[in-house]
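S.K.:
In the working numbering, the protein residues as written are 12 to 208.
#1: Using three-state DSSP, classify residue 127 as helix, strand or coil.
#2: Taking 8 Å as the cut-off, decide whether the C-beta atoms of residue 149 and residue 41 are in contact.
#3: Tell me, please, which residues DSSP counts as bridged to residue 98.
#4: Which residue marks the beginning of the alpha helix (DSSP H) containing residue 135, and which one marks its end?
#5: Please report the straight-line C-alpha distance between residue 131 and residue 181, rounded to a whole angstrom.
#6: Which value, in whole angstroms, describes the spacing of the CA atoms of residue 207 and residue 68?
#7: Once you ignore the five residues that flank residue 134 on each side, which residues in its own chain have a CB closer than 6 Å to its CB?
#8: Should residue 107 be listed as close to the ligand SAM, given that the test is whether its C-beta is under 7 Å from any heavy atom?
#9: Considering only residues of the same chain and omitting the five flanking positions on each side of residue 99, which have a CB-CB separation below 6 Å?
#10: Please report the straight-line C-alpha distance between residue 44 and residue 115, rounded to a whole angstrom.
#11: Got a sec, what are the start and stop residues for the alpha helix (DSSP H) residue 59 sits in?
#12: How big is the Cα-Cα spacing for residue 189 and residue 122?
#13: Can you find the residues in the same chain that come closer than 6 Å, C-beta to C-beta, to residue 187, ignoring five residues on each side of it along the sequence?
So this is what it looks like as C-alpha cells:
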C-alpha cells in the first residue's frame, strides 16, 4: 500500500509539475505572501463587519487567526517535517533531473526550499486560515472561495517543484483540523457571526 501511494504521488507530481508559458512568474507570486495583501485586508474588514464592529470580538477572532497560522506553521515545520524527514521533490534522488524548478525573479539559481517537505507549511497555513476565516464569515461562498485560494497556493508549491501532492494533502488536513478547532473555540467565546453588511 505504501509503495502504491508513493508511486501515485510521484506520478501526480510529474503531471502537476509540468510548466506552461508565463506560469513561472505567476506561480512564484501565488506562492508568495505579500502578493495576497489585498485579500488579507478584505478578510480583516469582513471579520470586522461580522464582529458587529465591536473591538473585543474582532480582537478575539484576529488573535485566534494568528494562533491558527502560528500553530500550523510550528507543527508542520518544527515538529512533523523533522520527524517524518521526507525529502522534497527538489531534493529527491529518485527524481534528480526530472523536477521542473523555477528561478525566482532577481536570482540566478532555482528555488529548492528546505530539505524536507511533508507536510507542506504553505498548505497547512493557508487551509487553516481558510477554514477558520471561512467559518467565522458564516461558511457558504466565503468558505469555498478561501478553500479555492488554499488549493491554488498548494498547487503553486507543486508547480515550483518543492512539494509532492501528498505533502499538500497532509498540510491541508492538518490546517483544516486546526482551523476548525479554533473556529469552535471562537464560537464559544464570541458566538455566531451576525452579518452586518
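Glycine included, each C-beta is placed from N, C-alpha and C at the ideal position. What you are looking at is a predicted structure, and each value in this text was computed from that prediction instead of being measured.
M.R.: Considering the structure as presented:
#1: In the chain shown, the residue the question calls residue 127 occupies position 116. Strand at residue 127.
#2: Mapped onto the chain shown, residue 149 falls at position 138. Mapped onto the chain shown, residue 41 falls at position 30. No, the Cβ-Cβ distance between residue 149 and residue 41 is not below 8 Å.
#3: Translated into the one-based positions of the chain shown, residue 98 becomes position 87. Answer is 127, bridged to residue 98.
#4: The sequence position of residue 135 within the chain shown is 124, counting from 1. Element bounds for residue 135: 132-147.
#5: As a position in the chain shown, residue 131 is number 120, starting the count at 1. As a position in the chain shown, residue 181 is number 170, starting the count at 1. Rounded to whole angstroms, the gap between the alpha carbons of residue 131 and residue 181 is 7 Å.
#6: By 1-based counting over the chain shown, the position of residue 207 is 196. By 1-based counting over the chain shown, the position of residue 68 is 57. In this prediction, residue 207 scores a pLDDT of 40, lower than 50, which makes its location untrustworthy; the coordinate-derived value is nonetheless stated afterwards. Their Cα atoms are separated by approximately 13 Å.
#7: As a working note, residue 134 is residue 123 in the chain shown. 165, 179, 182, 183.
#8: In terms of ligand content, the structure shown is empty, and the ligand SAM therefore cannot be addressed.
#9: Here residue 99 is taken as the residue at index 88 of the chain shown, counted from 1. So the qualifying residues of the chain are 124, 128, 173.
#10: As a working mapping, residue 44 is identified with position 33 in the chain shown. As a working mapping, residue 115 is identified with position 104 in the chain shown. About 14 Å.
#11: The residue given as residue 59 occupies position 48 in the chain shown. Here the alpha helix (DSSP H) through residue 59 covers 48-61.
#12: Counting from one through the chain shown, the residue named residue 189 turns up at place 178. Counting from one through the chain shown, the residue named residue 122 turns up at place 111. Each residue's Cα considered, the two are about 29 Å apart.
#13: For the purposes of this step, residue 187 is identified with residue 176 of the chain shown, where counting begins at 1. Within the same chain, residue 187 has close Cβ partners 138, 142.
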